[in-house]
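**Q** Mind having a look at this structure? Questions to follow.
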Amino acid sequence: MSLVEEEVRQIVVFLSVERLRTLTELTNSASMAVSLHQETLSLGASLMNVTGTVEIALRNAICENLGRHFGVSNWLIQPPVSFQWRGNERDKVTKALDSARRAKYSKLSQQEKGNLDQLAYPNGRPSGISHLRRAKDRRKQIAVTDGSVVSELTFYFWKRLFGPEYNQTLWRTTLKRMFPDRSITRAAVAIKLEKIYQSRNRLAHHEPVLHNRFDDTIAAIQFVADNLRVANGTQDSALGKLIADDLVSVQSRADALHTKLNSYRARKD
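Numbering (this note's numbering), first residue to last: 3 to 271.
Written out as structure tokens, the structure reads:
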């Protein structure tokens, strides 16, 4: 990247002085701060790809596990009477269902949307009903697949299922099978997933994941990859093999960036 002084000044405004302050103070150079900022973003994008793979794998493994355990196809929306979602998760599922319906509703023609009135108002549409209310009532009549609802749920929902609130109802009864190594506890899984979740959120908001936070994130990712459906944790797991090259690449890039940052810190000491 080659920027002249005036371009650097413009970039600083675009990225904000506050955002670049730590790097600028570290390097005593706005140009170098911008360069390191871009390297950090690039590293974050690479790490996000890895966390995305782990998130997808975990989510689908949970769905397969709970689908078998509950024995009903619509277990997210209507789990068996023997199980109830906690309030937080119940709200998340409700919102995910509505989002899936919204997505499908938006693709319907005006005639198809109008046809839903017959289902929403079998005795005739009430007079004076608002457009917003009518749209909501129509959407409730739309059938969506389990997969479309699942895709609307975030990593927050899935990692919550390993919390203490579900220790008796989910972990002991079925989710433990996802991490069959007897030495692995629910709390250990929850801690690792929380680390991935926190870093994932930082990356989604274009915040850096470096140094100890980076190391903890990589360790958490490796833990999931090595132990998800593996009786004895090993780097030869299928998921571990899938992300192995990406992990090597992202670790190499992180090491190079950390070396640069540490060299500037050494000059300050």
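Using N, Cα and C, we set each Cβ at its ideal position, and we do this for glycine too.
Counting along the chain, where does the alpha helix (DSSP H) carrying ARG215 start and finish?
**A** Within the sequence shown, the letter at position 213 stands for residue 215. Unbroken alpha helix (DSSP H) run through ARG215: 213–229.
**Q** For GLU196, which option in ILE186, PHE164, PRO182 has the closest C-alpha, if you only look at C-alpha atoms?
**A** Residue mapping note: residue 196 aligns to position 194 of the sequence shown, counting from 1. When only C-alpha atoms are compared, the closest one is PHE164.
**Q** Taking a contact to mean a Cβ-Cβ separation below 9 Å, would you say ARG162 touches TRP173 in this structure?
**A** Counting from 1 along the sequence shown, the entry for residue 162 is found at position 160. Counting from 1 along the sequence shown, the entry for residue 173 is found at position 171. In this structure, TRP173 does not lie closer than 9 Å to ARG162 by Cβ.
**Q** Taking CB distances under 9 Å as the criterion, tell me whether PRO124 reaches chain C.
**A** The question asks about chain C, but that chain is absent: this structure has only one protein chain.
**Q** Could you pull the start and end residues of the alpha helix (DSSP H) that LYS243 belongs to?
**A** In the sequence shown, counting from the first residue as 1, residue 243 sits at position 241. LYS243 -> alpha helix (DSSP H) spans 240–270.
**Q** Any chance you could list the beta strand (DSSP E) runs of at least 3 consecutive residues sitting entirely within the segment 5–37, in chain order?
**A** Complete beta strand (DSSP E) runs here, min 3: none at all.
**Q** Quick one: what's got a C-beta closer than 8 Å to ASN90's C-beta in the same chain, skipping five residues either side?
**A** In the sequence shown, residue 90 corresponds to position 88, counting from 1. Around ASN90: ARG162.
**Q** Just mark ASN62 as buried or exposed, buried being the case when its beta carbon has 16 or more other beta carbons within 10 Å.
**A** As a working note, residue 62 is residue 60 in the sequence shown. Classification of ASN62: exposed, given that the 10 Å Cβ count is below 16.
**Q** If I follow the unbroken alpha helix (DSSP H) through GLY89, where does it start and stop?
**A** Within the sequence shown, the letter at position 87 stands for residue 89. Unbroken alpha helix (DSSP H) run through GLY89: 89–107.
**Q** Which same chain residues end up closer than 7 Å to HIS39 when comparing Cβ atoms and leaving out the 5 residues on each side of it in sequence?
**A** For the purposes of this step, residue 39 is taken as residue 37 along the sequence shown, with counting starting at 1. Around HIS39: LEU17, LEU22, LEU25.
**Q** Is there contact between the segment 123–140 and the segment 205–217, where contact requires at least three CB pairs shorter than 8 Å?
**A** No, the segment 123–140 is not in contact with the segment 205–217.
**Q** In whole angstroms, what is the alpha-carbon distance linking LEU78 and ASP139?
**A** Looking up residue 78 in the sequence shown gives position 76. Looking up residue 139 in the sequence shown gives position 137. Roughly 21 Å separates the two Cα atoms.
**Q** Determine the burial state of GLY46: buried for a count of at least 16 other Cβ atoms within 10 Å of its Cβ, exposed for fewer.
**A** Here residue 46 refers to the residue found at position 44 of the sequence shown. Buried: at least 16 other Cβ atoms inside 10 Å.
**Q** Please determine, among ALA206, ALA105, ASN234, SER201, the residue with the shortest C-alpha to C-alpha distance to ASP218.
**A** Numbered from its first residue, the sequence shown carries residue 218 at position 216. The shortest C-alpha separation from ASP218 is found at SER201.
**Q** With three or more C-beta pairs closer than 8 Å as the rule, is the segment 96–112 touching the segment 148–159?
**A** The answer is yes - the segment 96–112 touches the segment 148–159, with three or more Cβ pairs under 8 Å.
**Q** Can you name the start and end residues of the alpha helix (DSSP H) that TYR199 belongs to?
**A** Stepping through the sequence shown from its first residue, residue 199 is reached at position 197. 188–206 is the span of the alpha helix (DSSP H), which, as asked, contains TYR199.
**Q** Quick check on the burial criterion: 16 or more other C-beta atoms within 10 angstroms. Buried or exposed for GLU57?
**A** The residue labelled residue 57 in the question sits at position 55 within the sequence shown. With 16 or more other Cβ atoms within 10 Å, it is buried.
**Q** Go ahead and label ASN229 buried or exposed: buried means 16 or more other beta carbons lie within 10 angstroms of its beta carbon, across all protein chains shown.
**A** Locating residue 229 in the sequence shown gives position 227, where the first residue counts as 1. So ASN229 counts as buried.
**Q** At which residues does the alpha helix (DSSP H) containing ASN117 begin and terminate?
**A** For the purposes of this step, residue 117 is identified with residue 115 of the sequence shown, where counting begins at 1. Its alpha helix (DSSP H) spans residues 112–117.
**Q** Measuring alpha carbon to alpha carbon, tell me which residue in MET50, VAL14, GLY116 is nearest LEU249.
**A** As a first step, residue 249 must be located in the sequence shown, where it is residue number 247. Here the closest residue by C-alpha is MET50.
**Q** Using a 10 Å radius around the Cβ and a threshold of 16 neighbouring Cβ atoms, would you call LYS142 buried or exposed?
**A** Counted from its first residue, the sequence shown places residue 142 at position 140. Exposed, since its Cβ has fewer than 16 Cβ neighbours within 10 Å.
**Q** Just verifying my parser: in three-state terms, what is the DSSP assignment at ARG234?
**A** Start at 1 with the first residue of the sequence shown, and residue 234 comes out as number 232. The displayed chain sequence assigns Asn, not Arg, to residue 234. The answer is coil: DSSP assigns ASN234 none of H, G, I, E or B.
**Q** Rounded to the nearest angstrom, what separates HIS71 and ASP119 at their Cα positions?
**A** The residue labelled residue 71 in the question sits at position 69 within the sequence shown. The residue labelled residue 119 in the question sits at position 117 within the sequence shown. For HIS71 and ASP119, the distance between alpha carbons rounds to 37 Å.
**Q** Look at LEU5 and VAL36 and say whether their C-beta atoms are less than 9 Å apart.
**A** Position 3 of the sequence shown, counting from 1, holds the residue named residue 5. Position 34 of the sequence shown, counting from 1, holds the residue named residue 36. Closer than 9 Å, so yes.
**Q** Beta-carbon within less than 6 Å of SER254's beta-carbon, same chain only, minus the 5 sequence neighbours each way: which residues are those?
**A** Along the sequence shown, read from residue 1 onward, the residue named residue 254 stands at position 252. Nothing meets the Cβ criterion.
**Q** I need the DSSP call for ASN62, collapsed to helix, strand or coil.
**A** Reading the sequence shown from its first residue, position 60 is the one you call residue 62. Reduced to three states, the DSSP call for ASN62 is helix.
**Q** Please confirm whether ARG215 and ARG204 have their CB atoms less than 9 Å apart.
**A** Walking along the sequence shown from the start, residue 215 turns up at place 213. Walking along the sequence shown from the start, residue 204 turns up at place 202. The answer is yes: Cβ separation under 9 Å.
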